[in-house]
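FYI, this note's numbering numbers position 74 of the sequence shown as 143, with every residue one higher than the one before it.
Idealized CB from N, CA, C, for every residue including glycine.
Taking it in order: structure first as structure tokens, then the write-up.
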Amino acid sequence: MSREQQIQERLLAIESLLKQAGLWQSVAPNSEAFTSTEPFCLDTMTPLQWLQWVFLPRMQALLDAAAPLPVALAIGPYYEVWLEGEIPERAALLHRLNAFDQLFESPN
């Protein structure tokens with residue numbers, strides 16, 4: 070399986086878990102929320118909103134365009150802090166996010 074296929078598979082696994090856990094939102098944040106210059110849009114979105122509405126679509130867009138992928142990525146640590154007992158699916162989500170990060174730790 071190619072790296073791109075692995076990335077695609079893990080993106081879908083994250084999305085699937087959010088949906089199964091009832092954390093997937095049907096309505097996007099307002100357009101101003103997307104203009105944030107803060108990391109993770111932390112001043113305008115919750116971390117789960119950023120994951121659904123910014124991170125997953127941007128990574129998918131990179132794959133669809135066969136654009137260069139990030140050289141390094143580490144979103145798992147942010148969610149380890151933010152999801153401190155916040156949701157019952159915390160362990161499963163952290164596992165999937167850390168597995169995603171691992172794809173960017175080894176040389177291409």
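Same chain, Cβ closer than 7 Å to residue i, neighbours up to 5 away in sequence not counted
{"i": "THR104", "result": "none"}
{"i": "LEU142", "result": "ASP170, PHE173"}
{"i": "PRO139", "result": "PHE173"}
{"i": "GLN129", "result": "LEU80"}
Cβ neighbour criterion (16 or more within 10 Å) applied to residue i
{"i": "TRP93", "result": "exposed"}
{"i": "LEU87", "result": "buried"}
Residue interval of the alpha helix (DSSP H) (run including residue i)
{"i": "ASP133", "result": "125-133"}
{"i": "VAL150", "result": "145-151"}
{"i": "ASN167", "result": "159-171"}
{"i": "GLU84", "result": "72-89"}
{"i": "TRP119", "result": "116-119"}
Residues of its chain near residue i, where Cβ-Cβ distance is below 8 Å and the 5 sequence neighbours each way are ignored
{"i": "LEU125", "result": "LEU80, ILE83, GLU84"}
{"i": "MET114", "result": "PRO98, ALA102, SER105, TRP122, VAL123"}
{"i": "MET70", "result": "GLU78"}
{"i": "GLU107", "result": "THR113"}
Cβ-Cβ separation, residue j to residue i (assumed contact under 8 Å), whole Å
{"i": "GLY145", "j": "LEU166", "result": "4 Å"}
6 Å Cβ shell around residue i - same chain, five flanking residues per side excluded
{"i": "ALA136", "result": "none"}
Short CB-CB distance (under 8 Å) between residue i and chain B
{"i": "LEU138", "result": "Here chain B cannot be found, since the structure has a single protein chain."}
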